[in-house]
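Be aware that the sequence shown starts at 11, since it is given in our numbering, and climbs by one per residue.
Let me begin by presenting the structure, written as structure tokens, before commenting on it.
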Amino acid sequence: MYEANYSEVTQFVFLGLATYRPVQNFLLAFSTVFYVTIVLGNLLVVFTVTFDPYLHSPMYFLLANLSFIDLCLSTLTVPKMISDLHSGHKTISFQGCVIQIFVLHVLGGSEMVLLVAMALDRYVAICKPLHYLTIMSSQMCILLLSGAWAIGLIHSVAQLAFVVHLPFCGPNEIDSFYCDLPWFIKLACTDTYRMEFMVTANSGFISMGTFILLLISYIFILVTVWKRSSGGLSKAFSTLSAHITVVILFFGPCIFVYVWPFPTVSVDKFLAILDFMITPILNPIIYTLRNKDMKMAMKRLHSEVLNLRMIS
Numbered sequence: 011m012y013e014a015n016y017s018e019v020t021q022f023v024f025l026g027l028a029t030y031r032p033v034q035n036f037l038l039a040f041s042t043v044f045y046v047t048i049v050l051g052n053l054l055v056v057f058t059v060t061f062d063p064y065l066h067s068p069m070y071f072l073l074a075n076l077s078f079i080d081l082c083l084s085t086l087t088v089p090k091m092i093s094d095l096h097s098g099h100k101t102i103s104f105q106g107c108v109i110q111i112f113v114l115h116v117l118g119g120s121e122m123v124l125l126v127a128m129a130l131d132r133y134v135a136i137c138k139p140l141h142y143l144t145i146m147s148s149q150m151c152i153l154l155l156s157g158a159w160a161i162g163l164i165h166s167v168a169q170l171a172f173v174v175h176l177p178f179c180g181p182n183e184i185d186s187f188y189c190d191l192p193w194f195i196k197l198a199c200t201d202t203y204r205m206e207f208m209v210t211a212n213s214g215f216i217s218m219g220t221f222i223l224l225l226i227s228y229i230f231i232l233v234t235v236w237k238r239s240s241g242g243l244s245k246a247f248s249t250l251s252a253h254i255t256v257v258i259l260f261f262g263p264c265i266f267v268y269v270w271p272f273p274t275v276s277v278d279k280f281l282a283i284l285d286f287m288i289t290p291i292l293n294p295i296i297y298t299l300r301n302k303d304m305k306m307a308m309k310r311l312h313s314e315v316l317n318l319r320m321i322s
């Protein structure tokens, strides 16, 4: 009987962002333009950091990996949404839905830890500048990055291990444009209270706990700088403001989706757009337009590309 129920639902249907065709056409154009911008912007950051020797430092190494994860998060959901808006065929297989949830939480968990690593990098740079290169060595950067991916993988596997074998016998409609655990679990043909609590405890509290930890770390850095020199406080705040903005944009939707006790579908969809289309665009803008080293590196990269074209 369990196997029969499990095999009845072979695919899920996305209700999407809108049913009115003109609105769908607008969303199609909007999401296409934004996705192309996301790909170009984040690849530009990754390539600039990779090929410019002046940017081979811990801060830019972590920044390049943040751009890579943001690019992957958008690619996981936005192209599928664009395809659905274009074709009107808004379905995903059961296996495809599970894979999307798995990768989503691997990337999300990894980005949480990576943002903590970036906060650690800024703490060392601002509060212990003489020991910066010793503490934030290449080995430490690799360790932090490996730890981020390992924790993201464990976080995702720990959740899916409990829910992937739930029985599904209908309905199969997901009121969103991508698969995630809160909606996936509610479609199961069994009591899901414990599963929903587990997701809240795993994803929600981890998101909120990490967010609070990051805010406390930034406050600690600012207080430390203020005690040493009040004149350096504005410079430190200017440096950290970009990180704080990214943290709020990333963690805000996560906390609302997984912790807020009164879910609202329209708000959840807006926050999903913020997470998958707006934040990945803002990250390259925040970290490049406010950073002289990045702007100079991009100019050098552009000059090298032009020189190669002239030679060829």
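Quick reminder that beta carbons are idealized off the backbone N, C-alpha and C, glycines included.
Item                                                                                                             : Value
Burial state of Val-256 (16 or more Cβ within 10 Å)                                                              : buried
Contact under 7 Å by Cβ, Ser-217 with Phe-247                                                                    : no
Local Cβ density within 10 Å of Phe-215, reported as buried at 16 or more and exposed below that                 : exposed
Own chain residues within Cβ distance below 6 Å of Ser-327, not counting five before or after                    : Given a span of 11 to 322 for the chain in the structure shown, any question on residue 327 remains unanswerable.
Val-88 (DSSP reduced to helix, strand or coil)                                                                   : helix
Where the alpha helix (DSSP H) containing Val-235 begins and where it ends                                       : 215-238
Own chain partners of Pro-294 with C-beta closer than 8 Å, once the 5 adjacent residues on each side are dropped : Gly-51, Asn-52, Leu-54, Val-55, Ser-77
Cβ-heavy atom distance, His-141 to the ligand PLP, below 6 Å                                                     : Inclusion of the ligand PLP in the displayed structure is not the case, the ligand content being empty and no account of it being possible.
Bounding residues of the beta strand (DSSP E) (the contiguous stretch that carries Phe-22)                       : 21-24
Inter-stretch contact at 8 Å, needing at least 3 Cβ pairs: the stretch 150-162 / the stretch 183-191             : no
Presumed contact (8 Å Cβ cut-off) between Val-372 and Leu-170, rounded CB distance                               : There is no way to answer for residue 372, as the model of the chain reaches only from 11 to 322.
Spatial distance of Gln-34 from Leu-143 (CA atoms)                                                               : 51 Å
Proximity to Glu-5 [Cα-Cα], best of Lys-196, Phe-221, Tyr-30                                                     : Since the first residue shown for the chain is 11 and the last is 322, residue 5 is missing from the structure and cannot be characterised.
Glu-18 versus Pro-181: straight-line alpha-carbon distance, rounded                                              : 10 Å
Distance between Thr-200 and Val-235 (C-alpha atoms, nearest Å)                                                  : 54 Å
Pair within 7 Å by beta-carbon distance, Pro-263 and Ser-84                                                      : no
CA-to-CA distance, Trp-193 to Glu-183, given in whole angstroms                                                  : 9 Å
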